[in-house]
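Read in order, the letters of the sequence shown correspond to residues 656 to 870 in our numbering. Heads up: the structure comes next, in structure tokens.
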Amino acid sequence: MNTFTGCNIRDNQAGSKDTLTAGHTKDEGKVDLLYLVEEATEDALYETAGTIAEICENNGAVGSVIAEDSKQQRNLLDIRSAIYEVYKPVFVDSLDTAVPVANIGDLLKEFDAIAEKYGTTTPRFGHVADGNFHNFILMVDGKVPEWADDMRRDIYKAAIKYGGTITAEHGTGKTRKPYMNLQYTPHVLGIMKSIKKAFDPNNILNPGVIIDLDN
């Protein structure tokens, strides 16, 4: 019995830097998919990996790589792990939107249209099996562009348009709090506030996080 543990996605914008290839020749393609599986035996593992590669290649993939040893496994995983650190010096924000899996294609097209609107790119990576994407708003000449917040709002609206959410695995906190009204009506936000008041009337548990209580 196989255990499918994840499927990560990286588009050709996020994978354009040499530090994110791990020595692999980059084929022509729009995205890279990294499938993670576990099996009880090595033979079963390679059989499953081969089946996944065959399915992908029969459905338009331009190539595939199966990790043959632990070193190659680490190298491939390092590609995924390094994306954030590589772009960290030049991004304004790393977003955390998610949509139903069936709407991923539409969302990615919308991302491209939004980036074109602002004359920029928005490299993205994420967890395709649950429709979760982290895409960057990039600096321009080392500075935060004046349209950064408008672009952020457009990306959030696109996720909501396709049945998704402005934040998936990273949560709302204080960073996404100003954008809650894009996803939730005043009535729903009022219910959240009422629940907060009922369980935390003195506002001592994470004050100012997600919602604000009236003074």
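Backbone N, C-alpha and C define an ideal beta-carbon position, used for all residues, glycine too.
By the 10 Å Cβ neighbour count, where 16 or more other Cβ atoms means buried, how is His825 classified, buried or exposed? exposed
Enumerate in chain order the residues of its own chain whose CB-to-CB distance from Gln838 is below 6 Å, with the five nearest sequence positions on each side excluded. Ile815 and Ile821
Could you give the first and the last residue of the continuous alpha helix (DSSP H) run that contains Val741? Ser725 to Tyr742
In three-state terms, what does DSSP make of Gly781? strand
Measure the Cβ-Cβ separation of Gly819 and Thr777 and say whether it is below 8 Å. no
Please go through the stretch 685-731 and give each complete beta strand (DSSP E) segment of 3 or more residues, from N-terminal end onward. 686-693
What residues in its chain sit with their C-beta under 7 Å from that of Asp761, if we drop five residues either side in the sequence? Tyr817
Taking the alpha carbon of Gly718 as the reference point, which residue from Val843, Lys829 and Val686 has its own alpha carbon closest? Val686
Just how far apart, CA to CA, sit Glu740 and Phe746? 10 Å
Opening and closing residue of the alpha helix (DSSP H) in which Ile810 lies: Ala803 to Lys816
Could you tell me how far apart the beta carbons of Leu763 and Arg807 are, in whole angstroms, since I believe they sit closer than 8 Å? Their Cβ separation, rounded to whole angstroms, is 17 Å, which puts Leu763 and Arg807 out of contact at 8 Å.
On the three-state DSSP scale, how would you describe Asp767? helix
Distance, His842 Cα to His789 Cα: 29 Å
In its own chain, which residues sit with a C-beta less than 7 Å from the C-beta of Glu712, not counting the 5 before and 5 after it? Ser719
Lys798 - DSSP class collapsed to helix/strand/coil: strand
Is Asn663 closer than 8 Å to Arg779 when the C-beta atoms are compared? no
Can you tell me whether Ala757 is helix, strand or coil according to DSSP? helix
Between the C-alpha atoms of Asp733 and Ala722, what's the straight-line distance to the nearest angstrom? 13 Å
Just confirm the distance between the C-beta atoms of Leu868 and Asn858, as a whole number of angstroms; I'd bet it's less than 8 Å. 5 Å
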